[in-house]
Every structure is written in C-alpha cells, then in structure tokens.
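Q: Before anything else, here's the structure in question.
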Amino acid sequence: MKFARIASGIAVEVISWDPSGRYPADWVWVECPENTVQGAAYDGNTFTNPPEPVVAEPETESRREVSPVEFKMLFTSAERIAINNKRKDTSTENETVKAVLDDWYSIVDDPRLSAVNLQLQSTIDGVNFLVTIGILTAERAVQVLAGEIQ
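So the sequence shown is residues 59 to 208, counted in this note's numbering.
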C-alpha cells in the first residue's frame, strides 16, 4: 500500500508506509495505487502519472583527435590534390602559401606524430588558412574540424 501527499492536486511525495500520526496534521495524505509516482496529478478520485521524460539522443560529439592519416582523410580527394598542387607550386606569388603549407604539413607528416588534435589552435589556424587561400569553404572547414571523414 502506498500513500501520496497531495498539495494543489499534485502528489508531492509518495511513500510506502502509513503516514498516520507521523507528519503535520495539515498535510493531506491519500492512499494511492502502487504505480503512483511523485508529480502525479490527483483529481480527487484518480491519480494520473506525469508522462515519462523524453530522453534526447546524445548529440554527436565532434572528434577531438584523429591519426595523421585520418586527418588527411577528412579532406576530399579534390581538396588533397589542391593542397598538394599549392605545395608544389614554386611561383613567386605562391612562396608564402607554399611556406605555410609546407610548415603545417611537415608537422602532420612527422612520423613521431601519433594524433592531430582538431581543437588545437594551430590545427584550427591551418584549416582556416585553407579557407583563406580558397581550397576549403568555411562550411567544409567546420566539417573538417568536427572530424567528419569525407
């Protein structure tokens, strides 16, 4: 047998023992069905339990770290080819772009590197540089930094 303490038509407390003489006299206790839960509405005759809470699907977390190979696979084939072509371009107007890409990729290609941290500022800066030079769109940069393999 269960009892519910009623306040303003709501079961504010549900217990499984007889409350007689144990609580303040102005508290209203009503015998209730075994399945009654705290928060149930009471209309003077019937208890109506609140709906079950909806458990939201966990949001997909973006990946924090990927292997160097996985990092390269975050880019499409066309994007990887464009990056490699910029790195091979020896024209004078491309010197700075080539230097930045070579520096960045020398780190990614370093055999001692076991993981690329997608939340590290230097990684973010490198991906954003690809946007600046027109290899990636801003939308693609967000996908890359979220670890979405293409």
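Just so it is clear, CB atoms sit at the ideal spot from N, CA and C, and this is done for glycine as well.
This one's a predicted model, so the numbers in the text were calculated from it and none came from an experiment.
Counting C-beta neighbours from all protein chains within 10 Å, is the total for V127 16 or more, i.e. buried, or is it exposed?
A: For the purposes of this step, residue 127 is taken as the residue at position 69 of the sequence shown. Label assigned to V127: exposed.
Q: May I have a chain-ordered list of the alpha helix (DSSP H) segments no shorter than 4 residues that lie completely inside the segment 133-168?
A: The qualifying runs are 135-146, 153-166.
Q: Within the continuous alpha helix (DSSP H) that includes R198, where are the two ends?
A: Sequence index remark: in the sequence shown, residue 198 carries index 140 (1-based). Its alpha helix (DSSP H) spans residues 196-203.
Q: Tell whether a beta-carbon distance below 8 Å holds between K156 and D147.
A: The residue given as residue 156 occupies position 98 in the sequence shown. The residue given as residue 147 occupies position 89 in the sequence shown. In this structure, D147 lies closer than 8 Å to K156 by Cβ.
Q: Sorted by chain position, which residues of the same chain lie with C-beta nearer than 8 Å to S125's C-beta, five sequence neighbours on each side aside?
A: Working through the sequence shown from its first residue, we reach residue 125 at position 67. Only S172, A173, V174 meet the Cβ criterion.
Q: Could you check what DSSP says for V185 in three-state terms: helix, strand or coil?
A: Position 127 of the sequence shown, counted from the first residue, corresponds to residue 185. If DSSP states are grouped into helix, strand and coil, V185 belongs with the helices.
Q: Determine the DSSP secondary structure at E128, reduced to helix, strand or coil.
A: Numbered from its first residue, the sequence shown carries residue 128 at position 70. If DSSP states are grouped into helix, strand and coil, E128 belongs with the helices.
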